[in-house]
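Position in the sequence shown (from 1) plus 15 gives the number in this note's numbering. Just so it is clear, CB atoms sit at the ideal spot from N, CA and C, and this is done for glycine as well. Each remark here refers to the structure printed beneath this line.
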Amino acid sequence: MRFTNTYWIGLILAGSLTLIGKSEDADDSTLFPAGSTWETIGNDYNVVEGIAGLPDGSVYFTDVLGDKLLRHLPDGKDEVIDSKTTQANGLAFGPGEKLYSVCMKEPKALVWDLKSGERTEISLACTGNDLVIANNRWLYWTWGPTNSVYRLDLESMKSRKIAEVPNANGITLSHDGRELWVGEFTGKTVQAFPISANGDLGPSRAAFQVKTPENGKGFIDGMIPLADGRLLAATALGLQILSADGSAIVFPNPSTQRANYVRLLTDAAGVHWLYVAHVKSVLRRKTSL
């Protein structure tokens with residue numbers, strides 16, 4: 016295991032011990048319909064990340080330190096899709112409805128064809144943490160130890176460093192797909208980069224600010240853009256809804272472990288769910304979003 020990988024896993028585990036206090040400005044009705052409650056999908060994972068879902072209600076996630084890609088079925092059962100992922104982390108669906116991930120232990124991306132069961136590998140310029148795919152063409156990923164964002168062209172299969180962000184971790188696209196948003200894991204800022212027609216990034220701006228504990232470390236991780244231009248982020252203090260004016264609404268975690276990944280998914284019955292990873296567990300709750 017590389018030194019940089021050991022360093023980054025240490026940050027992940029250190030952040031998992033943050034205890035959550037109350038927030039005075041959170042209103043659960045903003046996120047959840049009346050009567051909804053948190054449901055536990057799974058417990059006792061090593062470090063769970065990378066939630067992604069399909070319309071049939073199946074949900075995929077990675078157990079990073081367990082080297083596993085897991086599928087949670089609508090009937091409540093888990094099954095192992097891959098048990099040798101070399102610490103695959105974030106997940107995203109890309110071209111051909113295939114599932115993509117980047118690995119923390121080796122500089123490569125893994126691609127799973129869920130229909131055929133085939134797995135392929137793509138060599139990368141660097142190991143990775145989280146990822147997002149833009150225009151079905153460009154795969155962007157983060158790696159905190161090098162304070163960098165990288166890009167893989169899914170046509171040429173060439174990859175390179177494309178931007179710098181301190182302790183880059185969580186990554187997503189704006190709702191209109193025109194910007195790349197990247198969270199500073201041990202800071203409080205989410206940087207926004209305009210995406211050009213050829214996939215290059217323009218100069219960044221400080222788009223959002225999270226509330227942090229007294230140590231100033233936001234642990235900005237998984238993120239979701241909202242249709243109204245705001246951002247939903249998993250942070251040290253819980254889920255936060257961030258606005259461009261610098262304000263943040265904090266929803267404390269239903270767990271003593273920090274929120275480290277979040278996804279909005281819709282099941283086969285059309286019910287909207289908010290899935291949240293809490294390092295060792297995955298929870299979900301019906302959502303109004």
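Top-ranked residue by Cα proximity to residue i, from the options
i, options, result
"asparagine 151", "Arg166, Trp158, Pro160, Asn162", "Arg166"
"proline 122", "Gln102, Leu129, Glu229", "Gln102"
"glutamine 272", "Lys173, His293, Lys176, Thr45", "His293"
"glycine 210", "Lys203, Met119, Leu195", "Contrary to the premise, residue 210 reads as isoleucine rather than glycine in this sequence. Of the candidates Lys203, Met119, Leu195, the one whose C-alpha sits nearest the C-alpha of isoleucine 210 is Leu195."
"alanine 183", "Glu170, Ser163, Asp282, Lys176", "Ser163"
"valine 117", "Lys130, Ser98, Leu129, Gly143", "Gly143"
"valine 265", "Asp243, Ala284, Ile235, Thr157", "Ile235"
"valine 225", "Asp243, Gly214, Gln255, Asp215", "Gln255"
"tryptophan 112", "Met172, Lys130, Asn104", "The residue asked about is misnamed: residue 112 is glutamate in this sequence, not tryptophan. For the residues Met172, Lys130, Asn104, the minimum Cα distance to glutamate 112 belongs to Lys130."
Length of the line joining the Cα atoms of residue i and residue j
i, j, result
"leucine 34", "threonine 250", "Low local confidence applies: a pLDDT of 35 at leucine 34 is under 50, so the model's placement there is unreliable, and no value is given."
"alanine 321", "alanine 149", "Residue 321 lies beyond the residue range present for the chain, which begins at 16 and ends at 304; the question has no answer from this structure."
"glycine 307", "glycine 132", "Past the edges of the chain, shown from 16 to 304, lies residue 307, and the structure says nothing about it."
"proline 218", "tyrosine 115", "27 Å"
"isoleucine 96", "aspartate 260", "42 Å"
"threonine 281", "phenylalanine 76", "16 Å"
"valine 147", "alanine 107", "6 Å"
"tryptophan 127", "phenylalanine 208", "29 Å"
"valine 79", "leucine 257", "27 Å"
"lysine 301", "glycine 285", "11 Å"
Close beta carbons around residue i, own chain, < 7 Å, minus the five adjacent residues each side
i, result
"aspartate 59", "Lys295"
"leucine 69", "none"
Start-to-end residues for the beta strand (DSSP E) that takes in residue i
i, result
"threonine 55", "54-57"
"threonine 281", "276-281"
"serine 270", "Per DSSP, serine 270 belongs to no beta strand (DSSP E) and is neither H nor E."
"glutamate 136", "134-138"
"proline 209", "204-209"
"glycine 65", "63-68"
"aspartate 168", "163-168"
Buried versus exposed, by CB contacts within 10 Å (16 or more), residue i
i, result
"histidine 287", "exposed"
"arginine 220", "exposed"
"lysine 232", "buried"
"threonine 52", "exposed"
"aspartate 90", "exposed"
"aspartate 215", "exposed"
Close Cβ partners of residue i (< 8 Å) along its chain, the five nearest in sequence each way excluded
i, result
"leucine 304", "Leu46, Leu241, Leu247, Leu279, His287, Leu289"
"methionine 238", "Gly185, Ile186, Thr187, Trp196, Gly198, Val205, Leu246, Leu247, Ala248, Ala249, Val277"
Cβ shell of residue i (< 6 Å), same chain only, five flanking positions each side left out
i, result
"arginine 299", "Glu54, Ile56, Trp288, Tyr290"
"arginine 175", "Ala140"
"arginine 86", "Ser73, Tyr75, Glu94, Ile96"
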